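In this text, residue positions in the sequence shown follow the working numbering: the first is 9, and each later residue adds one.
Here the structure is laid out as structure tokens; the discussion comes afterwards.
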Amino acid sequence: MSGLSEADRLQLQTHLQNAVIACNERCLYQSAKWIAELLNSFPTPTPDLTYGSDTEEDETLDEAVPSRLDGASLRQDRREAKLESKEMRRYLMAKSYFDCREYDRCSATFLPSLEPQGPLNVTPTLKIQPGKAKSRGGPQDQLPLRSSKPNSSLSQKALFLALYAKYIAGEKRKDEDSEMIL
């Protein structure tokens, strides 16, 4: 890739992106998957750190929702549009995997692996008070919960595709397992 100039590389990426869309429209799913994988092999562009660039994006993504509904929906639409444009290449690849019925690969494109990042605390933190037969359900009787912060770096479209693919993969595994029993 060192022989391509920046303009040539961007033009090639645009042509590959259009080819993925065209192949999907023509139901050439394996071709679209191959082209999408090729498109995702390019390094992701680094953001330009000049004034007026996408550096303000991180600040606006975590802002509180204003009280006016129309302003909030406008800001949400802009946020979604930025996220969708940022993840377009990965979305096209995930959609190609979905169309080829590779649901696990589709969900793995956007969702992190389910393997734990560190050791799990499996010991319960129930406090048993001597002399009491039943628990009253107070705060000392509750187990610690993992905080599951929704992934705010994904657009709603990508999140839906990944979660739906995970659901379909689970249903497919369930059906395959039930066939083994019969």
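Think of the CB as a built atom: it goes at the ideal place given N, C-alpha and C, for glycine as much as any other residue.
Just so it is clear, the structure is predicted and the values come from calculations on it, not from any experiment.
Sixteen is the threshold: when 16 or more other Cβ atoms of the shown chains lie within 10 Å of the Cβ of M101, as they do, the residue is buried. Excluding five sequence positions before and after E95, the CB atoms of its chain that fall closer than 6 Å to its own CB belong to A166, given in chain order. Distance from the CA atom of E14 to the CA atom of E184, rounded to whole angstroms, is 48 Å. Nearest in C-alpha terms to R113, of all of S161, K174, L18, is K174.
The DSSP-derived three-state label of L167 is helix.
In the three-state reduction of the DSSP assignment, R97 falls in the helix class.
For S104, same chain residues with a beta-carbon under 6 Å away, outside a window of 5 residues either side, are A40, K41, A44 in chain order. Pairing A170 with L119 gives a Cβ-Cβ distance under 8 Å. The beta carbon of V28 sits closer than 6 Å to those of A40, I43, A44, L100, all from its chain and outside the five residues before and after it, given in chain order. Rounded to the nearest angstrom, the Cβ distance from D107 to Y37 is 4 Å, consistent with a contact under 8 Å. Within the same chain, no residue comes within 6 Å of L18 by CB-CB distance, once the 5 residues on both sides are set aside. In the DSSP annotation of this structure, the continuous segment of the alpha helix (DSSP H) that includes E33 starts and ends at 14-33.
Counting along the chain, L119 sits inside no alpha helix (DSSP H), nor does DSSP assign it H or E at all.
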